[in-house]
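Novice: Position 830, counted from 1, in the sequence shown is what my numbering calls 1441; the numbers after and before it change by one each time, with no gaps.
For reference, the structure I am asking about is given below.
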Amino acid sequence: MNWVRLFHRYILRDLTGKPVRTLLTVAGVALGMGVVWAVHLSNERSITSFTDSVQLLNGRADFQIQGNGVPLDEQLLVQLGWLWEVASLSPLVEGRVKLPDGSSVPVYGIDLLSEAPFRSYLASDSRRALANVTRADFLRLLSRPDQLILPGRLAGRLEVKKGDSMVLLAGERQRNFQVAALLEAEGAAGAFGGNVVFLDIAAAQILLERIGTLDRIDVLVEEGADREAVLRRLQRELPEAASVWRPEDVTAQSRRMLRAFRFNLSALSYLSLIVGVILVYNTLNIAVVRRQREIAALRTLGASRRAVIGMFLVEAAGLGLLGALAGLAVGGLLAGAAESLVGRTVETLYTGLDTLAAERPFDWPFAGFVVGLGALLGAASGIYPARRATARPPVQVLREGFLEPSRLRRYRVQTRLGAAALAAAGVTALGPPVAGLPLWGYASALLAMAGFALLAPRAALLPLDWLARQRGRLPVEARLALQSVRGGLSRLVVAIVSLMIAVSMLVGVASMVGSFRETVRAWLDQTLVADLYVRAAGAGANDGFNPIRAETLEALSRTPGVAALGAFHGRRIVLGGFPVTLAGGDFEVLARRGRLLFVDGRDTAEVARALIGQDRVVVSEPLALRQGVRAGDVLELPAPRGPVPFRVEAVYYDYSSDRGLIVMDRGRYRELYGEDGATSVSVYLEAGADPRRTTERMLAGAGEARLQIYPNAQLRSRALQVFDQTFQVTYALEVIAVIVAVLGITNTLGALLVERRGELALLEFLGADRRQLRRMVLWESGLVGVLGTVAGTLLGAFLAVLLIYVINRQSFGWTLQPDLPVATLGAALALVLLSTLVAGLYPAMLAASTDPIRSLRTE
């Protein structure tokens, strides 16, 4: 009970008696925790929803028969006659379509007669597929190829109801459909947030122009049958172009595709949290310094050292806990914007799907983790201040005029530790990726932050000592501020470190993004040399589906003003456990007119001519780095008649996707896969031809084919716009970190002014007016801002190198050319300095409103 009374009187009363300081601390932790919570929610809704949707659509199948980039002949269902005796089979066709609102969604062709055992479409009746489809609806779906099924959520967004007509755009063809049934967004109908279209398999084959072929066959082994025996027999008897997978392996491929992106986004959110944790440490550190005499008096009156330490640790844990609870609310508000940004990035770089984020139940386990983490980090940040509160004998503390004689000695120890941490950061940065993730890179970043933080006190003395020698040139308010900052450096250094870390993240990430943008811009300038670029109107972003047909290509080539077409056809395959794109390109056209940038610096025409008609390929740099592929290696690539070996001729730079591309000559591609269409087309115009007029002629000559045609400049602009959108969420994280650091400056200066009220009162009695006091505090805020910004810029330079050459390269496989965005960084740092001055406004007002007589009486 005595301990409870002590806590209430000396801790709780102090917290409630200083509401602004307490609220600033809680707000800083709340923002840091809110970022972690918001990123988790956006990951769960936008990224995990994709992999969960794949799992939902896998259903209850034991195995999946697929062609690795090669469609299955539907006659395979007949050839697997023995399998019907021990298992249920369900064939599927899948693709992408564009809806009337322009969004790209997956479409699944399902066999309505065999679907029931595999996937539930209504949770209330999991044994019956399509439980709310009437007999008449069912017969229409089987007999008419213009009927479709929509989840109710998607129908609501499109404002259509059962019986209404709607248009689907697949590839270059537009077709009318009637809504035959609506489903609740549960089970398979809830995949991709209910943003999916279902057709009878025959209707899907017609829509996607895949008559006679299947994408996969799901297998559900009957109870009592030997699953492993079925698997072994399938592996023996399937044709070479087909393979059998467990559904969990398919889901794992999707998770691997998104793993690096998700990991890096989460890592950035936790780095932002560091600044909020420092704020708790700062608050307690100042409280200990300000209340040393009070603590010494308590110990003299009989309070044990353990009781005092316990009170401060509980205070620290309480601040962390309150911040974490508030962070859940803050994160909920931030999650909407984060979800939109993350979803757009995932769509652009990975899935090609404009899908609705799935509604997910409140994640109580992770919410509990956030709250527990807040309390734990708060308590951890309070350990040193709590121990410091009882480190000196009470008699020594109560002795008048006692200062900190051990400060310089402590700074010497910190300097050695800081130098050791920086050396360790340099060594750690050389570590290889761990399971494809840059874990050593992030360890190096943390060590660098720790090293700079430990060096900060001694390093800050250097410019302060230099300024002290220039005292005669400074106004009186600046001299007083300089003296105050130097004298209180042991307390101000935490605010400086907090700002330093926030600024370093801003500088490092901005430098990486700026370098990335300039690298992509230069790459676009050198590789996008065609005049026009064409895709099927039904193709989504990063979409290997929906090609332009051969007849349309022929019509485009006959258009007046067109000198040459460079066709490119891609398909998805799995290589080394990762989804990649296998494509055929017109290397004859590339040799004469196009351009690729090769890692070894070889000429485009030389490499292109070496591939024409040969079993040779070029691979993108991300694939080469991720899977350890080099020029001269041989890759076994899937084909309808079995794997075919191809020699890697060269590795080329590519920044369109981190999944990886393998490109062979288009003539060889046609021989292997029998496809004459194209996923995209580069159009080279004759000299003097008008791009706008030629575009009109191409669209007219294509007849009913729906095409998207982009001029060169528009495609470059669009690519850079997508790039900028991709990194908006990263910038948001850094801005929040700076805001938290600025809150720390306000908190620190405000607390120190309360401690120095006697000094301020004395200055007033000596003739200082309130405007001078305000200017003095603003000078202090500015000095702290400059010290933190300069140190952060230096640390940010190290982080930039780490991000460009280690973390980015190990995560995504891109080589970036460093390019410092001087103008952007200059403006950002100027804004940070201005923010630190703004942070001093409240302490300045507090200083000017001090009652000198009352303050001296209190002293």
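Using N, Cα and C, we set each Cβ at its ideal position, and we do this for glycine too.
Everything numeric in this text was worked out from a predicted model, so none of it was measured.
Going by C-alpha to C-alpha distance, which of V1255, L688, R764, Q789 sits closest to R751?
Specialist: Measuring from the Cα of R751, the nearest candidate turns out to be Q789.
Novice: Starting from the Cα of S1472, find the closest Cα among F1409, V899, A1147 and give me that residue.
Specialist: Because the chain spans 612 through 1470 in this model, residue 1472 falls outside it and cannot be assessed.
Novice: For L1093, collect the residues of the same chain with a Cβ closer than 8 Å to its Cβ; drop the 5 residues on either side in sequence, then sort them by chain order.
Specialist: These residues qualify, in order along the chain: L1075, L1078, A1079, R1082, L1085, W1390, L1394.
Novice: Between which two residues does the beta strand (DSSP E) containing W975 stretch?
Specialist: No beta strand (DSSP E) holds W975; the alpha helix (DSSP H) holding it covers 975-992.
Novice: Just how far apart, CA to CA, sit A1046 and V1191?
Specialist: So the two alpha carbons sit approximately 18 Å from each other.
Novice: Give me the DSSP bridge partner(s) of M1275.
Specialist: Its beta-bridge partners are G1195, V1228.
Novice: Counting Cβ pairs closer than 8 Å, one from the region 806-820 and one from the region 702-722, do we hit at least three?
Specialist: Touching, per the Cβ criterion.
Novice: Nearest CA to the CA of V1230: which residue from R1252, V1255, S1095, Y1264?
Specialist: The option with the nearest alpha carbon to V1230 is Y1264.
Novice: Of the choices R707, Q846, D712, Q864, whose alpha-carbon is the least far from that of F1189?
Specialist: Of R707, Q846, D712, Q864, the residue nearest in Cα terms is Q864.
Novice: Excluding the 5 residues preceding and the 5 following L1065 in the sequence, name in chain order all residues of the same chain whose CB lies nearer than 6 Å to its CB.
Specialist: Result list for L1065: Q1025, L1028, G1029, in chain order.
Novice: With contact counted as at least three CB pairs below 8 Å, one residue from each stretch, are the region 982-994 and the region 928-944 in contact?
Specialist: Short answer: they touch.
Novice: According to DSSP, is E1247 helix, strand or coil?
Specialist: The answer is strand: DSSP assigns E1247 an E or B state.
Novice: Measure the C-alpha to C-alpha separation of V647 and L984 and round it to an integer number of angstroms.
Specialist: Each residue's alpha carbon lies about 11 Å from the other.
Novice: Could you say if the region 1208-1228 and the region 638-645 meet the contact criterion of at least three C-beta pairs nearer than 8 Å?
Specialist: No: fewer than three Cβ pairs fall under 8 Å.
Novice: Contact between the region 822-836 and the region 668-685: three or more CB pairs below 8 Å?
Specialist: As far as the Cβ criterion goes, the region 822-836 touches the region 668-685, which means the pair count is three or higher.
Novice: Whose C-alpha, out of W695, Q785, T662, is nearest the C-alpha of R707?
Specialist: It is Q785.
Novice: For R1382, which option in A1343, M1456, D1335 has the closest C-alpha, if you only look at C-alpha atoms?
Specialist: The shortest Cα separation from R1382 among A1343, M1456, D1335 belongs to M1456.
Novice: Look at S1392 and I1356 and say whether their C-beta atoms are less than 8 Å apart.
Specialist: Yes, the pair counts as a contact, with Cβ atoms nearer than the cut-off.
Novice: Pull the bridge partners of E705 from the DSSP assignment, please.
Specialist: Answer is Y719.
Novice: Put I812 into one of helix, strand or coil per three-state DSSP.
Specialist: In the structure shown, I812 sits in a helix (DSSP, three-state: H, G or I).
Novice: In this structure, does DSSP put T1305 in helix, strand or coil?
Specialist: Here T1305 sits in helix by DSSP.
Novice: Give me the Cα-Cα distance between R1277 and F1257, rounded to the nearest whole angstrom.
Specialist: Roughly 14 Å separates the two Cα atoms.
Novice: If we call anything under 8 Å between Cβ atoms a contact, is L1139 one with L1296?
Specialist: It is not a contact, given that the beta carbons lie outside the stated cut-off.
Novice: Alpha carbons only, please: which of E726, A1054, A791 is nearest the one belonging to R755?
Specialist: Taking only the C-alpha atoms, the option nearest R755 is A791.
Novice: Mind checking who S1291 pairs with in its DSSP beta bridge?
Specialist: DSSP, once it has assigned bridges, lists R1146, F1179 as partnering S1291.
Novice: Mapping the DSSP letters down to three states, classify E1260 as helix, strand or coil.
Specialist: E1260 falls in the strand class under three-state DSSP.
Novice: Does the separation of the CB atoms of A1194 and A852 fall below 8 Å?
Specialist: No, these two residues do not count as a Cβ contact at 8 Å.
Novice: With distance defined between alpha-carbon atoms, name the residue in L1410, R917, E950 nearest to A1336.
Specialist: Checking the displayed sequence, the identity of residue 1336 turns out to be Gln instead of Ala. Nearest of L1410, R917, E950 to Q1336, Cα basis: E950.
Novice: Spatial neighbours of G1098 within its chain, please: C-beta separation below 8 Å, excluding the five flanking residues on both sides.
Specialist: Around G1098: no qualifying Cβ.
Novice: When the Cβ atoms of the region 1236-1245 are set against those of the region 1156-1168, are three or more pairs found closer than 8 Å?
Specialist: As far as the Cβ criterion goes, the region 1236-1245 does not touch the region 1156-1168, which means the pair count is below three.
Novice: Comparing alpha-carbon positions, which option in I1415, M1387, A649, D1244 lies nearest A937?
Specialist: That would be A649, whose Cα lies nearest to the Cα of A937.
Novice: Report the residue from L1331, I760, T1305, T1435 whose alpha carbon sits nearest the alpha carbon of S1168.
Specialist: Per the Cα distances, T1305.
Novice: What residue range does the alpha helix (DSSP H) around S1115 cover?
Specialist: From DSSP, the alpha helix (DSSP H) with S1115 extends over 1100-1138.
Novice: What are the residues that DSSP puts in a beta bridge with L1283?
Specialist: Paired residues: none, contrary to the question.
Novice: For A740, does the count of other Cβ atoms within 10 angstroms reach 16, so buried, or fall short, so exposed?
Specialist: Confidence at A740 is low in this model, with a pLDDT of 41, below 50, so its placement is unreliable and no value can be given for it.
Novice: Based on the DSSP secondary-structure assignment, which residues constitute the bridge partners of R784?
Specialist: In DSSP, R784 forms a bridge with A781.
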